[in-house]
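Take a look at the structure set out below.
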Amino acid sequence: MAEKIGVYFDQSALGIIDAEELSTGVSNKFGDACPVVKVFPVLAVASAREEIKKDIVEHGLDGIAICGSSPRVDWDIYEFENVIVERINLREQCAMSYKNPDGTIPAAGSTAPELLMAMAKDYVTMGIIKLQKTAVPEPPEFESVKTILVLGGGWAGLTAAKQAADYGYNVILVEKDAQLGGKALNMLKTVPLEFPYEEAHETGLEAKIEEVTSNGNVKVILNATVEKLAGTPGQYTAQVAGQEYSVGAVVLAAGWKPMDNELLAPFGYGSMPNVVTSAEYEKLAKEGKLDAKRVAFIVNTESVTGGDIYAAPEEVENTESEEKTEGYVHDDLESVRHLAYSSYVNSMIALKHANYLCDAHEDARAYVLYDSMVVPGIHERYYKAAQDRLGIMMSKADIKGITEEDGSLVVSAGNTLMGEDVEIPVDMVVLPTGIVPATAKDPVMNFEYRQGPAFPDLDLFDGFADSNYICFPYETRRTGVYAAGCVRQPMMMDAVEEDAIGATMKAIQCVESANRGVAVHPRSGDLSYPVFNFVRCTQCKRCTEECPFGALDDDEKGTPLPNFSRCRRCGTCMGACPERVISFDNYNIDQIGSMIREINVPDDMEEGGPRVLILACENDAYPALDMAAIRGKSWSPYVRIIPVRCLGSVNAIWVADAMSKGIDGVMLLGCKYGDDYQCHFVKGSEICNRRKDNIAETLERLGVEPDRVEQYEVAIDEYDKVPGMIDSFMDMVFEKGPNPFKGY
Numbered sequence: 001m002a003e004k005i006g007v008y009f010d011q012s013a014l015g016i017i018d019a020e021e022l023s024t025g026v027s028n029k030f031g032d033a034c035p036v037v038k039v040f041p042v043l044a045v046a047s048a049r050e051e052i053k054k055d056i057v058e059h060g061l062d063g064i065a066i067c068g069s070s071p072r073v074d075w076d077i078y079e080f081e082n083v084i085v086e087r088i089n090l091r092e093q094c095a096m097s098y099k100n101p102d103g104t105i106p107a108a109g110s111t112a113p114e115l116l117m118a119m120a121k122d123y124v125t126m127g128i129i130k131l132q133k134t135a136v137p138e139p140p141e142f143e144s145v146k147t148i149l150v151l152g153g154g155w156a157g158l159t160a161a162k163q164a165a166d167y168g169y170n171v172i173l174v175e176k177d178a179q180l181g182g183k184a185l186n187m188l189k190t191v192p193l194e195f196p197y198e199e200a201h202e203t204g205l206e207a208k209i210e211e212v213t214s215n216g217n218v219k220v221i222l223n224a225t226v227e228k229l230a231g232t233p234g235q236y237t238a239q240v241a242g243q244e245y246s247v248g249a250v251v252l253a254a255g256w257k258p259m260d261n262e263l264l265a266p267f268g269y270g271s272m273p274n275v276v277t278s279a280e281y282e283k284l285a286k287e288g289k290l291d292a293k294r295v296a297f298i299v300n301t302e303s304v305t306g307g308d309i310y311a312a313p314e315e316v317e318n319t320e321s322e323e324k325t326e327g328y329v330h331d332d333l334e335s336v337r338h339l340a341y342s343s344y345v346n347s348m349i350a351l352k353h354a355n356y357l358c359d360a361h362e363d364a365r366a367y368v369l370y371d372s373m374v375v376p377g378i379h380e381r382y383y384k385a386a387q388d389r390l391g392i393m394m395s396k397a398d399i400k401g402i403t404e405e406d407g408s409l410v411v412s413a414g415n416t417l418m419g420e421d422v423e424i425p426v427d428m429v430v431l432p433t434g435i436v437p438a439t440a441k442d443p444v445m446n447f448e449y450r451q452g453p454a455f456p457d458l459d460l461f462d463g464f465a466d467s468n469y470i471c472f473p474y475e476t477r478r479t480g481v482y483a484a485g486c487v488r489q490p491m492m493m494d495a496v497e498e499d500a501i502g503a504t505m506k507a508i509q510c511v512e513s514a515n516r517g518v519a520v521h522p523r524s525g526d527l528s529y530p531v532f533n534f535v536r537c538t539q540c541k542r543c544t545e546e547c548p549f550g551a552l553d554d555d556e557k558g559t560p561l562p563n564f565s566r567c568r569r570c571g572t573c574m575g576a577c578p579e580r581v582i583s584f585d586n587y588n589i590d591q592i593g594s595m596i597r598e599i600n601v602p603d604d605m606e607e608g609g610p611r612v613l614i615l616a617c618e619n620d621a622y623p624a625l626d627m628a629a630i631r632g633k634s635w636s637p638y639v640r641i642i643p644v645r646c647l648g649s650v651n652a653i654w655v656a657d658a659m660s661k662g663i664d665g666v667m668l669l670g671c672k673y674g675d676d677y678q679c680h681f682v683k684g685s686e687i688c689n690r691r692k693d694n695i696a697e698t699l700e701r702l703g704v705e706p707d708r709v710e711q712y713e714v715a716i717d718e719y720d721k722v723p724g725m726i727d728s729f730m731d732m733v734f735e736k737g738p739n740p741f742k743g744y
């Protein structure tokens with residue numbers, strides 16, 4: 001805990017806020033606890049930092065409070081060895097965002113309004129109290145195993161194995177089949193991966209396999225799967241083919257399998273000759289059996305099945321009758337709902353196969369029919385080359401149906417580029433192959449975790465190893481396991497290559513981070529980890545059940561067993577614990593509770609105004625508040641903002657502290673949750689929302705209106721919406737009047 005704190009004000013960041021008045025207030029309130037209190041004209045300069053360093057030595061300071069800009073600004077220049085630093089945001093979330101109760105903005109150079117000074121004083125006091133409740137974490141000693149386990153010997157797995165080996169790590173490559181190569185073994189050619197990106201070419205698979213098998217750092221195990229993965233990142237034990245191996249991290253490159261082709265029945269698959277999938281057509285091409293000369297390559301299936309084909313759920317919804325039916329065989333094709341994926345994979349494969357056909361026959365006719373033709377980046381060259389090639393005809397089209405007439409197939413299409421419905425007689429129809437990730441119905445990793453052997457909640461992602469695609473690709477819900485290739489999302493071989501390299505780098509980062517006792521992501525470099533007071537633990541299991549990442553196991557009595565390198569430091573376990581026995585050295589129940597209790601709440605709402613506490617997620621909501629202020633947005637002077645690691649870390653006692661203090665409302669401002677989640681910790685916002693129901697029941701028993709506590713979802717780019725959310729909440733508070741506990 002910081003016992004001697006230096007407090008430094010940056011007048012250049014405070015606008016009309018009177019820094020001298022604030023500094024006097026700190027000295028009077030904290031006395032010897034803050035032996036150094038100084039105001040600098042500009043703090044973010046070398047001379048100021050040198051003076052702080054001298055103060056640290058002269059006064060034995062173990063804590064520094066920087067009162068000025070947001071902690072998101074100049075975060076790298078306020079670091080002092082063996083000293084805890086707290087950034088107190090008096091610029092973005094105080095001076096810049098302040099507006100008078102009547103909505104006016106104080107003029108530059110004017111005297112700071114009383115409400116603005118009251119806000120600044122609260123923030124300074126809360127920041128100093130936070131320092132006094134903060135300790136420097138000391139993670140346990142930990143020696144990482146410098147071996148990477150790569151699961152899958154296809155294009156992604158081979159790339160990952162070579163990448164890790166090239167960086168000096170030992171690699172164990174596990175492939176379930178009898179030979180390496182995966183789906184690439186069945187490919188005649190790949191779409192262009194090299195200049196001039198206009199023609200398909202050999203995959204180069206044999207050379208890639210040779211690079212891996214000849215590398216002395218790589219051990220290849222064929223005809224095997226991971227039977228069990230136990231332990232923790234940096235010190236995993238993997239059981240493969242009856243033997244145990246020590247590994248530090250895992251690259252999951254388990255690939256995909258074709259969708260059940262019975263689901264293509266609406267297109268005539270299985271009932272009409274020469275209706276094949278793209279995977280089957282690739283095999284025909286490799287075997288030199290492209291006998292059909294007129295072929296329709298269908299890129300999208302949305303007009304028939306209601307969505308593109310990639311992975312299929314076990315049951316689908318009849319959108320007209322609202323009945324559920326197994327599979328996709330249906331008389332009324334338009335009524336069948338499918339998964340709404342759209343990707344460049346179908347587009348690129350259709351172009352490649354159309355070129356195959358023209359290579360095989362001079363008089364070929366390849367009809368590429370699409371709803372969306374997606375060719376990203378450099379692949380535009382391949383698309384243009386196909387446009388210019390004789391024999392290839394491409395058109396936007398809604399596929400109305402496929403029929404058989406006089407031994408030929410007839411594709412009925414509407415909404416074409418010609419502006420009319422057409423019927424195209426062909427010898428063969430090629431349908432896109434549905435990509436089903438290996439994780440869809442198979443645990444694959446077989447974790448020996450309390451939460452079970454599989455990745456959780458994969459049904460939300462149609463079986464793909466879930467990741468926060470926006471911020472943290474390659475992540476899975478199990479720290480230390482990083483997904484690459486089509487087990488993560490549909491992609492072509494060039495993207496698979498990049499994906500595998502990225503996942504390998506994350507696996508290496510994980511091994512090295514665990515070795516230093518720090519978090520990998522999202523709080524990269526964080527030394528903290530949950531500390532348990534087991535004497536008071538009631539074995540309720542909430543922490544072990546709610547942890548989004550399976551970081552906690554438990555013993556035979558149900559007592560939590562922490563695995564600190566699995567932990568991502570979100571604090572969800574801390575928020576879950578009803579006995580409040582879980583804490584972090586630098587983030588804990590007492591720390592935030594003490595900050596809340598330091599807010600100055602007027603006894604009379606009519607004279608001093610209400611007070612509203614905003615607990616803001618540090619990942620999306622807090623930056624959104626900063627950006628709103630920078631862009632000239634402002635909000636009520638009656639709110640006080642405290643950043644939290646994640647809304648999942650919010651413990652109900654904080655709300656109770658706020659209400660008992662007389663605070664009139666609590667806003668929980670965090671990331672979006674649900675199917676389109678943006679929570680950095682995946683489930684934190686959703687878990688907080690569930691807990692809010694329990695908070696509401698408690699408030700009702702106390703005679704406090706439950707809607708005084710409300711959760712709001714905000715993305716980082718929705719900064720313009722945040723002031724409106726605050727204004728709306730404040731309107732509700734004014735309408736309800738003062739908290740019944742105010743003044744007690």
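Straight run, no breaks: the sequence shown in UniProt numbering ends on number 744. Ideal placement from N, C-alpha and C gives every residue a C-beta, glycine not left out.
Problem - Beta carbon of threonine 476 nearer than 7 Å to that of alanine 483 - result: Taking a C-beta distance under 7 Å as the contact criterion, threonine 476 and alanine 483 qualify as a contact pair.
Exercise for the section: Please list the segments of the alpha helix (DSSP H) lying wholly inside the stretch 546-585, counting only runs of 4 or more residues, in order along the chain. Expected result: 572-576
Handout entry: cysteine 688 and valine 714 closer than 7 Å at C-beta
Key = no
Problem - For tryptophan 75, three-class secondary structure by DSSP - result: coil
Practice task
Please look up how many angstroms separate the CB atoms of valine 191 and tyrosine 382, rounded, as I've assumed it's under 8 Å.
Solution key: 6 Å
Practice task
Would you mind giving the Cβ-Cβ distance between alanine 184 and leucine 205, rounded to the nearest angstrom? I have them listed as a contact below 8 Å.
Solution key: 5 Å
Exercise for the section: For glutamate 194, collect the residues of the same chain with a Cβ closer than 6 Å to its Cβ; drop the 5 residues on either side in sequence, then sort them by chain order. Expected result: none
Handout entry: Cβ-Cβ distance between glycine 480 and alanine 249 below 7 Å
Key = yes
Handout entry: Buried/exposed call for methionine 730, threshold 16 Cβ in 10 Å
Key = buried
Exercise for the section: Measure the C-alpha to C-alpha separation of glutamate 211 and alanine 500 and round it to an integer number of angstroms. Expected result: 16 Å
Handout entry: Nearest to aspartate 675 (by Cα), restricted to the options Arg516, Glu686, Gly109
Key = Glu686
Handout entry: Among Ala438, Val7, Ile599, the one whose alpha carbon lies nearest that of isoleucine 66
Key = Val7
Exercise for the section: Taking the CB atoms as reference points, tell me whether lysine 400 and serine 408 lie closer together than 7 Å. Expected result: Result no, Cβ atoms of lysine 400 and serine 408 do not sit closer than 7 Å.
Practice task
Using 10 angstroms around the beta-carbon of serine 271, count the other beta-carbons present and answer buried if the total reaches 16, otherwise exposed.
Solution key: exposed
Exercise for the section: Confirm, please, whether the CB-CB distance from valine 171 to alanine 296 is below 7 Å. Expected result: No.
Practice task
Between the Cα of isoleucine 137 and those of Val36, Val345, Gly517, spot the shortest distance and give me the residue it belongs to.
Solution key: Sequence check: residue 137 is proline here, not isoleucine. Selected option, being the one with the closest Cα: Gly517.
Handout entry: Alpha-carbon spacing of glutamate 710 relative to leucine 552, whole angstroms
Key = 29 Å
Exercise for the section: Counting only the same chain and skipping the five closest in sequence on each side, list residues whose C-beta sits under 8 Å from that of isoleucine 56. Expected result: Correct list, in chain order: Gly6, Ile64, Phe80, Val83.
Exercise for the section: Would you mind working out which of Trp256, Ala108, Gly234 sits nearest valine 247, comparing C-alpha positions? Expected result: Gly234
Problem - Inter-residue Cα distance where the pair is leucine 116 and lysine 38 - result: 20 Å
Exercise for the section: Would you mind sorting methionine 1 into buried or exposed? The rule is 16 or more other CB atoms within 10 Å of its CB. Expected result: Burial call: exposed.
Handout entry: Identity of the residue in Asn274, Met627, Phe734 nearest tyrosine 636 by Cα
Key = Correcting the residue identity first, residue 636 is serine in this sequence and not tyrosine. Closest by alpha carbon: Phe734.
Handout entry: Within the stretch 134-195, ranges of the alpha helix (DSSP H) (whole runs, at least 4 residues)
Key = 155-166
Exercise for the section: Spatial neighbours of serine 321 within its chain, please: CB distance less than 7 Å, with the 5 preceding and 5 following residues excluded, ordered by chain position. Expected result: Reliability fails at serine 321, whose pLDDT of 33 lies under 50, so the model's placement of it is uncertain and the value that follows must be treated cautiously. Closer than 7 Å at Cβ, skipping near neighbours: no residue.
Handout entry: Near the ligand FAD: alanine 200 beta-carbon under 6 Å from a heavy atom
Key = The ligand FAD is absent from the structure shown, which contains no ligands of any kind.
Exercise for the section: Taking 7 Å as the cut-off, decide whether the C-beta atoms of phenylalanine 447 and proline 453 are in contact. Expected result: Yes, the pair counts as a contact, with Cβ atoms nearer than the cut-off.
Problem - Status (buried if at least 16 other CB within 10 Å, exposed otherwise) for leucine 669 - result: buried
Problem - Nearest neighbour of cysteine 646, chosen from Cys679, Ser634, Glu143, Val655 [CA to CA] - result: Here the closest residue by C-alpha is Cys679.
Practice task
Would you grab the beta carbon distance between aspartate 664 and isoleucine 596 for me? Rounded to a whole angstrom, and I think it's under 8 Å.
Solution key: Isoleucine 596 and aspartate 664 do not touch by the CB rule: their CB atoms are close to 13 Å apart, not below 8 Å.
Practice task
Decide yes or no for the touch test of the stretch 256-274 against the stretch 427-440: beta carbon pairs closer than 8 Å, at least 3 of them.
Solution key: Between the stretch 256-274 and the stretch 427-440, the count of Cβ pairs shorter than 8 Å is three or higher; the stretches touch.
Exercise for the section: Name, in chain order, the residues that DSSP records as bridge partners for serine 408. Expected result: Glu405
Problem - Sheet register partners of valine 518 (DSSP bridge) - result: Bridge partners of valine 518: none, in fact.
Exercise for the section: Report the residue from Ile128, Cys34, Pro139 whose alpha carbon sits nearest the alpha carbon of aspartate 585. Expected result: Pro139
Handout entry: Alpha-carbon to alpha-carbon, serine 467 and alanine 360
Key = 42 Å
Exercise for the section: Please go through the same chain and pick out, in chain order, the residues whose beta-carbon is closer than 8 Å to the beta-carbon of residue 748, but skip the five residues on each side of it. Expected result: For residue 748 there is no data in the structure shown, the boundaries of the chain being 1 and 744.
Handout entry: Inter-stretch contact (C-beta, 8 Å, three-pair minimum) for the stretch 85-97 and the stretch 577-584
Key = no
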